[in-house]
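What follows is a short report on a single structure.
4 protein chains.
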Amino acid sequence: MSYALRMLETYPGDFGFDAAQLAAAIEALHDCAQACTACADACLAEPQVADLVACIRLNLDCADVCATTARALSRQTEYKPELARALLEACVIACRACGDMCAHHGEMGMEHCAVCAEACRRCAEACEALLAKASV
Amino acid sequence: MSYALRMLETYPGDFGFDAAQLAAAIEALHDCAQACTACADACLAEPQVADLVACIRLNLDCADVCATTARALSRQTEYKPELARALLEACVIACRACGDMCAHHGEMGMEHCAVCAEACRRCAEACEALLAKASV
Amino acid sequence: MSYALRMLETYPGDFGFDAAQLAAAIEALHDCAQACTACADACLAEPQVADLVACIRLNLDCADVCATTARALSRQTEYKPELARALLEACVIACRACGDMCAHHGEMGMEHCAVCAEACRRCAEACEALLAKASV
Amino acid sequence: MSYALRMLETYPGDFGFDAAQLAAAIEALHDCAQACTACADACLAEPQVADLVACIRLNLDCADVCATTARALSRQTEYKPELARALLEACVIACRACGDMCAHHGEMGMEHCAVCAEACRRCAEACEALLAKASV
Numbered sequence: 000m001s002y003a004l005r006m007l008e009t010y011p012g013d014f015g016f017d018a019a020q021l022a023a024a025i026e027a028l029h030d031c032a033q034a035c036t037a038c039a040d041a042c043l044a045e046p047q048v049a050d051l052v053a054c055i056r057l058n059l060d061c062a063d064v065c066a067t068t069a070r071a072l073s074r075q076t077e078y079k080p081e082l083a084r085a086l087l088e089a090c091v092i093a094c095r096a097c098g099d100m101c102a103h104h105g106e107m108g109m110e111h112c113a114v115c116a117e118a119c120r121r122c123a124e125a126c127e128a129l130l131a132k133a134s135v
Numbered sequence: 000m001s002y003a004l005r006m007l008e009t010y011p012g013d014f015g016f017d018a019a020q021l022a023a024a025i026e027a028l029h030d031c032a033q034a035c036t037a038c039a040d041a042c043l044a045e046p047q048v049a050d051l052v053a054c055i056r057l058n059l060d061c062a063d064v065c066a067t068t069a070r071a072l073s074r075q076t077e078y079k080p081e082l083a084r085a086l087l088e089a090c091v092i093a094c095r096a097c098g099d100m101c102a103h104h105g106e107m108g109m110e111h112c113a114v115c116a117e118a119c120r121r122c123a124e125a126c127e128a129l130l131a132k133a134s135v
Numbered sequence: 000m001s002y003a004l005r006m007l008e009t010y011p012g013d014f015g016f017d018a019a020q021l022a023a024a025i026e027a028l029h030d031c032a033q034a035c036t037a038c039a040d041a042c043l044a045e046p047q048v049a050d051l052v053a054c055i056r057l058n059l060d061c062a063d064v065c066a067t068t069a070r071a072l073s074r075q076t077e078y079k080p081e082l083a084r085a086l087l088e089a090c091v092i093a094c095r096a097c098g099d100m101c102a103h104h105g106e107m108g109m110e111h112c113a114v115c116a117e118a119c120r121r122c123a124e125a126c127e128a129l130l131a132k133a134s135v
Numbered sequence: 000m001s002y003a004l005r006m007l008e009t010y011p012g013d014f015g016f017d018a019a020q021l022a023a024a025i026e027a028l029h030d031c032a033q034a035c036t037a038c039a040d041a042c043l044a045e046p047q048v049a050d051l052v053a054c055i056r057l058n059l060d061c062a063d064v065c066a067t068t069a070r071a072l073s074r075q076t077e078y079k080p081e082l083a084r085a086l087l088e089a090c091v092i093a094c095r096a097c098g099d100m101c102a103h104h105g106e107m108g109m110e111h112c113a114v115c116a117e118a119c120r121r122c123a124e125a126c127e128a129l130l131a132k133a134s135v
């Protein structure tokens with residue numbers, strides 16, 4: 000069981016989510032933030048770094064947005080649905096843009112981009128699943 | 000002249016903003032992130048901390064959202080207006096909610112909340128001014 | 000297999016770590032950052048929040064230090080061992096202090112603190128294991 | 000008067016620093032974090048980005064370390080000198096390494112690196128000044 004889920008299951012208050020779904024989203028956000036940070040670094044190590052500038056920039060933004068959203072969702076005390084919704088929407092935009100670009104580079108043979116594209120896609124889906132809930 | 004403005008004025012590419020206005024927003028975001036981090040800490044030092052839980056929680060979210068938005072706006076290479084807009088909208092929500100709560104506590108005599116409310120309000124206005132531009 | 004490990008295994012350059020050990024540390028840092036963010040929030044939801052101020056403050060610092068260290072270790076291009084070492088040492092200090100306090104509260108019945116204490120301890124051990132390597 | 004100083008002057012507890020010196024360090028850390036984030040982005044916009052990989056990587060680390068240290072120093076409740084000292088030492092390492100590299104590129108004509116080098120040097124000096132105090 001993940002720490003995100005264990006922390007939700009020991010939370011002393013109530014929250015308007017299914018704990019398993021919320022924990023899965025928090026984990027997907029952390030995975031995506033980590034993969035994007037590492038992908039930006041891997042792109043910097045590529046001989047053709049000059050062709051990867053847009054990818055690096057998207058990676059950096061996506062990492063920051065996902066990390067901040069993971070933190071905000073980890074806070075359930077005095078929860079503000081309107082802010083969570085705005086952050087999840089920003090995450091979906093960042094993950095879709097970064098995931099599409101990384102998927103393209105992955106098809107060209109860059110394996111780290113292929114892995115990162117998968118993390119971005121899974122994160123976008125987890126954020127969209129939360130956005131579909133009335134509680135956000 | 001602020002470092003934010005000096006960095007924009009030495010940026011080697013083009014960007015779709017008035018440099019002074021963009022720099023002012025980046026500075027307002029940094030000021031707000033710092034004030035919110037410090038206000039959460041000051042609330043923890045108050046004897047009536049139990050009455051300030053909602054304020055602390057809003058401070059923490061607002062600090063994270065403003066810091067991430069300041070970073071994203073500091074990146075003009077391969078700029079994505081759609082993501083910047085989503086982040087600025089999240090900032091306005093966070094700054095308005097946090098600023099209103101801090102203003103209320105400020106009126107009750109908590110001076111750190113009064114200072115933080117001012118930083119939140121100025122940040123919300125700077126974000127709204129950028130959102131009014133077509134380039135975001 | 001974790002994303003941290005998959006990203007290391009597709010990294011296009013060399014790095015001076017055992018990939019599995021480095022990935023385990025990055026994951027432990029992320030787990031600890033998440034648990035500390037959630038524990039600070041859970042403490043804010045406790046009726047006796049006034050007795051938990053030191054715990055909240057340690058949680059906030061520990062979350063920030065672990066998140067930054069996870070990012071720095073996720074970057075292997077132009078790696079600077081001296082900086083990695085300084086950050087890992089800061090992490091050990093933060094995780095030991097936060098873990099000890101949370102373990103104390105866990106013994107008093109606060110389950111979220113008990114879970115967080117475990118995440119802190121595991122993170123401190125993972126950081127110490129990396130520090131024992133010559134490559135850091 | 001900066002927000003950092005105004006927040007310290009309205010802090011409800013005691014702290015073991017000269018407020019003006021601590022506020023100056025917090026501001027220098029924010030300036031450095033912003034300049035490094037912007038410098039990494041400006042380097043990505045340079046035609047010779049392939050020659051700037053080490054600079055970009057140092058910029059990213061320095062931005063993260065300075066942002067985290069600014070947050071930790073902005074928290075004076077239940078202050079832990081040992082952790083503050085470890086973070087300040089990590090900052091000095093990051094700022095000196097990044098500042099030296101940026102200064103070198105600045106001499107070669109890259110103006111954004113010259114501005115960033117100045118922010119790094121000022122931040123290193125502010126951190127060293129705090130480290131010289133017994134209260135850290």
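Chains as they are written, first to last, in numbering that gives the first Met the number 0: chain Y, 0 to 135; chain H, 0 to 135; chain B, 0 to 135; chain L, 0 to 135. Yeah, the Cβ is synthetic: ideal placement off N, Cα and C, and Gly gets one too.
Inspect the CB distances between the stretch 84 to 102 of chain B and the stretch 11 to 21 of chain B and report whether three or more fall short of 8 Å. no
Below 8 Å on C-beta distance, what does Y:K132 contact in chain H? Here the premise fails: no neighbours, minimum Cβ distance about 18 Å.
Chain H partners of B:I55, CB-CB under 7 Å? L43
Examine the Cβ distances between the stretch 28 to 47 of chain B and the stretch 54 to 73 of chain Y and report whether three or more of them are shorter than 8 Å. yes
Which chain H residues sit within Cβ distance under 9 Å of B:V52? Simply L43, A44, V48.
Quick one: which chain H residues come within Cβ less than 7 Å of Y:I92? Correct list: E81, L82, A85.
Buried or exposed: Y:D13, going by 16 or more other Cβ atoms within 10 Å of its Cβ? That one is exposed.
Kindly indicate which three-state DSSP category L:M109 falls into: helix, strand or coil? coil
Using 8 Å as the cut-off, can you tell me whether the stretch 75 to 90 of chain H makes contact with the stretch 98 to 112 of chain H, which would need three or more C-beta pairs spanning the two stretches below that distance? no
Enclosing alpha helix (DSSP H) for Y:L72 [first to last residue]: 52 to 73
Helix, strand or coil at L:A18 according to DSSP, with G and I counted as helix: helix
Between which two residues does the alpha helix (DSSP H) containing Y:Y2 stretch? Unbroken alpha helix (DSSP H) run through Y:Y2: 2 to 8.
Mind checking whether B:A118 and Y:Y10 have CB atoms under 8 Å apart? no
CA nearest to the CA of H:C42, picked from H:N58, H:C65, H:K132: H:N58
Considering only residues of the same chain and omitting the five flanking positions on each side of B:Q47, which have a CB-CB separation below 6 Å? For B:Q47, where only same-chain residues beyond five positions count, there are no Cβ hits under 6 Å.
Listing by chain order, which chain L residues have their CB less than 9 Å from the CB of B:R70? L59, D60, D63
Using beta carbons (cut-off 8 Å, strictly below), is B:A23 in contact with chain Y? no
DSSP three-state call for H:Q47: helix, strand or coil? coil
So is B:H29 in contact with chain Y if we call contact Cβ pairs under 8 Å? So, interface residue.
Listed from N- to C-terminal order along the chain, which residues in the stretch 94 to 121 of chain H have their beta-carbon within a distance smaller than 9 Å of any beta-carbon of chain L? M109, E110, H111, C112, A113, V114, C115, E117, A118
According to DSSP, is H:P80 part of a helix, a strand, or is it coil? Looking at H:P80 - three-state DSSP - the assignment turns out to be helix.
Same chain only: Cβ atoms within 8 Å of L:E45, ignoring 5 sequence neighbours per side: L51, M109
Counting contacts by CB-CB distance shorter than 8 Å, is B:C38 in contact with chain Y? yes
Hey, does B:A123 have any beta-carbon neighbour from chain Y nearer than 8 Å? Not closer than 8 Å to any Cβ of chain Y, the Cβ of B:A123 fails to qualify, so no.
Closer than 8 Å to chain A by CB, Y:E77: Among the protein chains of the structure shown, namely Y, H, B and L, there is no chain A.
Exposed unless 16 or more other CB atoms sit within 10 angstroms - verdict on Y:E26: buried
Indicate the three-state DSSP secondary structure (helix, strand or coil) for H:A116 in the structure shown. helix
My output table needs one value for L:A24: the three-state DSSP class, helix, strand or coil. helix
Return the Cβ separation of H:C54 and H:H111 in integer angstroms, given the expectation that the two are a contact with Cβ distance under 8 Å. Not a contact, Cβ separation roughly 10 Å.
Could you tell me the alpha carbon to alpha carbon distance between L:A66 and L:L28, rounded to whole angstroms? 7 Å
Closer than 8 Å at the beta carbon, the chain Y residues around H:T67: D63, V64, A66, T67, listed in chain order.
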